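Everything on this sheet refers to the single structure shown next.
Protein chains: 2
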Amino acid sequence: MESVLDYIKQNRDRFEEDLFELLRIPSISTDPNHKDDINKAADYIADNLKNAGIDHAEVKPTTGNPVVYAEHCKAGSDKPTVLIYGHYDVQPSDPDELWETPAFEPTVRDGKVYARGASDDKGQVYIHVNSVISWLKSGEELPVNVKFLIEGEEEIGSPSLVPFVQENKDLLSCDMVMVSDTTMYDEDQPSITYGLRGLSYMEVYVDGPNRDLHSGAYGGAVQNPLNALCTMIAKLKNEHGEIQIPGFYDKVEQLTPEEREQYRELPYDEQAYKDAIGVDEVFGEKGYSTLERASARPTLDVNGIWGGYQGEGSKTVLPAKAGAKISMRLVPNQDQDEVADLFKKYMHDIAPPGVKVHVEKHHGGTPVKVPLDFEGLQAAADALESVYNVKPLFTREGGSIPIVANFENILGVNTILMGMGLRSDAIHSPNEKFTLKDYHRGIEASARFFKNLAEMNA
Amino acid sequence: MESVLDYIKQNRDRFEEDLFELLRIPSISTDPNHKDDINKAADYIADNLKNAGIDHAEVKPTTGNPVVYAEHCKAGSDKPTVLIYGHYDVQPSDPDELWETPAFEPTVRDGKVYARGASDDKGQVYIHVNSVISWLKSGEELPVNVKFLIEGEEEIGSPSLVPFVQENKDLLSCDMVMVSDTTMYDEDQPSITYGLRGLSYMEVYVDGPNRDLHSGAYGGAVQNPLNALCTMIAKLKNEHGEIQIPGFYDKVEQLTPEEREQYRELPYDEQAYKDAIGVDEVFGEKGYSTLERASARPTLDVNGIWGGYQGEGSKTVLPAKAGAKISMRLVPNQDQDEVADLFKKYMHDIAPPGVKVHVEKHHGGTPVKVPLDFEGLQAAADALESVYNVKPLFTREGGSIPIVANFENILGVNTILMGMGLRSDAIHSPNEKFTLKDYHRGIEASARFFKNLAEMNA
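Residue numbers (our numbering), protein chains in the order written: chain A, 1 to 458; chain B, 459 to 916.
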């Protein structure tokens, strides 16, 4: 693959220019005024691939924003097929006044390109686009079969993607999915995410009297929905941070001694962790380290609460109702619907007298853990090590990427999460950036990944 | 006093017209655009009294809206002096579209006058104004000394009144205060309020991380300020509704067996009570009846709570901070500042690890209980019985009227709370009303009260 690597070295400027052109398109999915930009971004990516000689590339309609679908499947049926997933839509740029340079005028400062979407996810998508282009343009045969699925609704929850994948199972059939939409463990320390938590997101309503009452006239006489709600929330966890919902931990896959050893070996400075978020102490489930609690253990957090008077000063109201949003992060093998049912039942069981409790489930996500011996992970790890000269870390993340579980369920394949961003990239915030050195290292790593994978299947 | 009673009978239309004229003045204290109306209302009352031949009446400036001060002290120093307190300012009328007839165009329907301020408090103030006028115009000598203090800031918390009373202690010196600004126990069932609860109103802030965190990335690793706040609030009361703050009940004056017997004798229908506010069950401190809990026992209510995401749908945020407004109603002999200090200490003691807690005190109020053998209460009760032909009930109210404690502290006197409104009067709401029959019965009761009081001191 020498000529591929040469091509990559010689085309650094062009790779940057091609990315910057994409970054100039304000393809904001949440704002209907940017519908044309959405289409423009999709067309741009498809055209780039077509111009490089890819076998097939098109912009395909969905029930919402279109997806870019492309494929180059000439390696033969004995070679694995990789589906590269990413998204071309971006978050809004506001507040614009906090950007040092305009969000949609990519600007390079200190080796980083600043623009909305630089890291999330256009820059990371273009790693794989340019890796494939480099194989195509260098004259060498792409050693595996490659498909692209680049969607335009990730920032609004991918409403059209699952139906699209379900309806196009054959088209999208593959042996694995490659996603670059996360971060490295640290600068110059690449990592591969092999686990994601799931989610059950609930909303709880507590109804008391039929109207707000005067707390002088009725205080002491009737149940206060806010006191009731707080009392119920307090019963969700004990003082050791352990969740008290009966059955909640029943299906939790426990950490093995080997996994706990891996966690202990991760470079981690608890004082720096605390300083970064401004807390004096960390807190969580007894018996587990901070990193374990943040990624390999299930948890429960109140995400929002409301009721009564929230303004300045005082108002002596005994509110008619109260509510809270409460979500639980899940780990393998917890089921989001089962957990939601356990939560609902418990909340009804512990509801104090004098109020009515109603619980609804919002969206959720299924926890994911890719087997560490999966060849795709190993091929990606070897590629990263070749480029960074350091062994990548295998980590689990605390958040959820629901589409990964969907690929597993619908297409029956594992996903490789090879994030090339940094935690400091300020995604979703002003001055989003992406380190150009990692952009180029990522392109090389992606190119080597294809080669490694082909050799494993030689 | 036959000629006084005759005068009252013969001047019903005039009393109504004089009140309606006052009700036409939109003396809204919270809106600076109504400053002229405030002055107009004060002038109107002073002029009414002057025209009737009162010894002295004037509009006196304060640091805020003026007060109407008047006196007629010709009964001799061996006769008691009654200070009549009330307010001429009113709540805003919005939402105006919900009024059947305009808020400042008093309209009589079915024996009730509908207008903003009809019951709260212009109608009740004019009971005493017309009672005194009747004594003056009938040619009989007013048998006690009477002073008026009618303020214009009650609906905005009476900010200028306490300083005014403190600076005018001699002018306002009296043997008792008469206030008609509350309600009767029920239609045709007059009552006198002899107890009011006090108040300590607190605000609690719980600070966690230095910014909102992603609940996936950090959930389980750090203390969530919302979970922490709910846990703390849950520890404020136990499942029997008993307040858990150490020392909270230490100074509480317990109900005597006689007082509890009085409570049991009050006409009360718990099913009707529950139906009126739409709850299936009442709830509160174990061992006390609903009426006792609502007026003679201290309590604690969350009046408002906030934190995290309160919008539609879901947001996976682990919020940086949370807050709540929590107030305690106090009974004799609890001290609002002592209770505030106990609350603060307890909240700090039970704060879980990983968050910082800050507690502030808002306004408060001192609980009041007038001795049932106080002659003023008896004189008022006898007067009401003469007019209504039913024994008035002596009741305690759950709310606070801070000025009553101030009269006790500054002037050293008891207050008679002879409310002539009804709970259904919709004060502070659209279609506020006042029953004209009670207006006229109130004028007669007030006139008889002066006479009864004089005879007790004959």
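Even for Gly, the Cβ is constructed at its ideal location relative to N, Cα and C. As the structure is a prediction and not an experimental result, all values here were calculated from the model.
Helix, strand or coil at A:HIS428 according to DSSP, with G and I counted as helix: Shown here, A:HIS428 sits in coil according to DSSP, grouped into three states, outside any helix or strand.
Find out if the Cβ-Cβ distance for the pair B:GLU558, B:ASN889 is shorter than 8 Å. yes
Interface partners of A:ASP120 on chain B, CB under 7 Å: The contacting residues do not exist; A:ASP120 stays about 13 Å from chain B at best.
So the beta strand (DSSP E) B:GLY766 belongs to, where does it begin and stop? Taken as a continuous stretch (DSSP letters only), the beta strand (DSSP E) holding B:GLY766 covers 757–766.
Against A:PHE164, what residues of chain B qualify as contacts under a CB-to-CB distance less than 7 Å, listed in chain order? Under the 7 Å cutoff, chain B gives no residues; its nearest Cβ is about 22 Å from A:PHE164.
Under 8 Å: do the segment 304–312 of chain A and the segment 342–349 of chain A share three or more Cβ pairs, one atom per stretch? Taking a cut-off of 8 Å for Cβ pairs, the segment 304–312 of chain A and the segment 342–349 of chain A do not touch, as fewer than three such pairs fall below it.
Looking only at its own chain, which residues have a Cβ that is under 6 Å from the Cβ of A:ILE156, when we skip the five neighbours before and after it? Closer than 6 Å at Cβ, skipping near neighbours: SER29 and THR30.
Within chain A, the residues that B:ALA679 reaches when beta carbons sit closer than 7 Å: VAL282, GLY284, THR290, ARG293 and ALA294
Jot down the residue ranges of each uninterrupted alpha helix (DSSP H) in the segment 672–753 of chain B, minimum 4 residues, whole runs only, in chain order. 673–676, 683–692, 715–723, 728–735 and 748–751
May I ask you to report which of helix, strand or coil DSSP gives A:ASN33? helix
Which residues in the same chain have their Cβ closer than 7 Å to the Cβ of B:ASN696, if we skip the five residues on either side of it in sequence? GLN702
Evaluate contact between the segment 879–894 of chain B and the segment 846–862 of chain B, counting only Cβ atoms and requiring at least three cross-stretch pairs below 8 Å. no
A:VAL177 - partner residues in DSSP beta bridges: A:LEU83 and A:THR415
Among the residues of its own chain, which have a CB less than 8 Å from the CB of B:LYS498, if the five just before and after it don't count? ILE483 and SER485
For chain A, find out if any of its Cβ atoms is closer than 8 Å to the Cβ of B:ARG906; answer yes or no. no
Can you pull the chain B residues whose beta carbon is under 8 Å from the beta carbon of A:HIS358, in chain order? Contacts between A:HIS358 and chain B, judged by CB atoms closer than 8 Å, are missing: the closest CB pair is about 14 Å apart.
Span separating the alpha-carbon of A:ALA276 from that of A:VAL387: 29 Å
Answer yes or no: do A:GLY53 and A:LEU136 have a C-beta to C-beta separation smaller than 8 Å? Going by beta carbons, A:GLY53 and A:LEU136 fall inside the 8 Å limit.
Determine, using beta carbons only, whether B:MET642 and B:SER649 come nearer to each other than 8 Å. A contact, by the Cβ cut-off of 8 Å.
Are any of the Cβ atoms in chain B nearer than 8 Å to that of A:LYS325? yes
Identify, in the order they occur along the chain, each residue of the same chain with its Cβ nearer than 6 Å to the Cβ of A:ARG423, setting aside the five sequence neighbours on each side. THR183
Which residues, in order along the segment 292–321 of chain A, keep a beta-carbon less than 7 Å from a beta-carbon of chain C? The chain inventory of the structure shown lacks chain C, comprising the protein chains A and B.
With DSSP as the reference, label B:GLY822 as helix, strand or coil. strand
According to DSSP, A:GLU155 sits in a beta bridge with which residue or residues? According to DSSP, which records beta bridges pairwise, A:GLU155 is partnered with nothing at all.
Taking the beta strand (DSSP E) that A:VAL331 falls in, what are its first and last residues? Here A:VAL331 belongs to no beta strand (DSSP E), and DSSP marks it neither H nor E.
Which residues, taken in chain order from the segment 656–685 of chain B, show a beta carbon closer than 7 Å to some beta carbon of chain A? TYR659, GLY666, PRO667, ASN668, LEU671, HIS672, SER673, GLY674, ALA675, TYR676, GLY677, GLY678, ALA679, VAL680, GLN681, ASN682, LEU684 and ASN685
Cβ neighbour criterion (16 or more within 10 Å) applied to A:ASP250: exposed
Straight-line Cα distance separating A:PRO353 from B:VAL740: 8 Å
What's the C-alpha gap between B:VAL623 and B:GLY870? 12 Å
Examine chain B for any beta-carbon lying closer than 8 Å to the beta-carbon of A:SER429, and answer yes or no. no
A:HIS363 at chain B interface by Cβ criterion, 8 Å: yes
Using the C-alpha atoms, what's the distance from A:ILE427 back to B:VAL737? Distance from the CA atom of B:VAL737 to the CA atom of A:ILE427, rounded to whole angstroms, is 48 Å.
Determine whether the beta carbon atoms of B:GLY822 and B:TYR663 lie at a separation below 8 Å. no
Just tell me which of A:ALA46, A:ALA103, A:GLU2 and A:LYS9 has its CA closest to the CA of A:PHE20. A:ALA103
Rounded to whole angstroms, what is the Cα-Cα separation between B:LEU758 and A:GLY287? 36 Å
Does the beta carbon of A:ALA234 come closer than 8 Å to any beta carbon on chain B? yes
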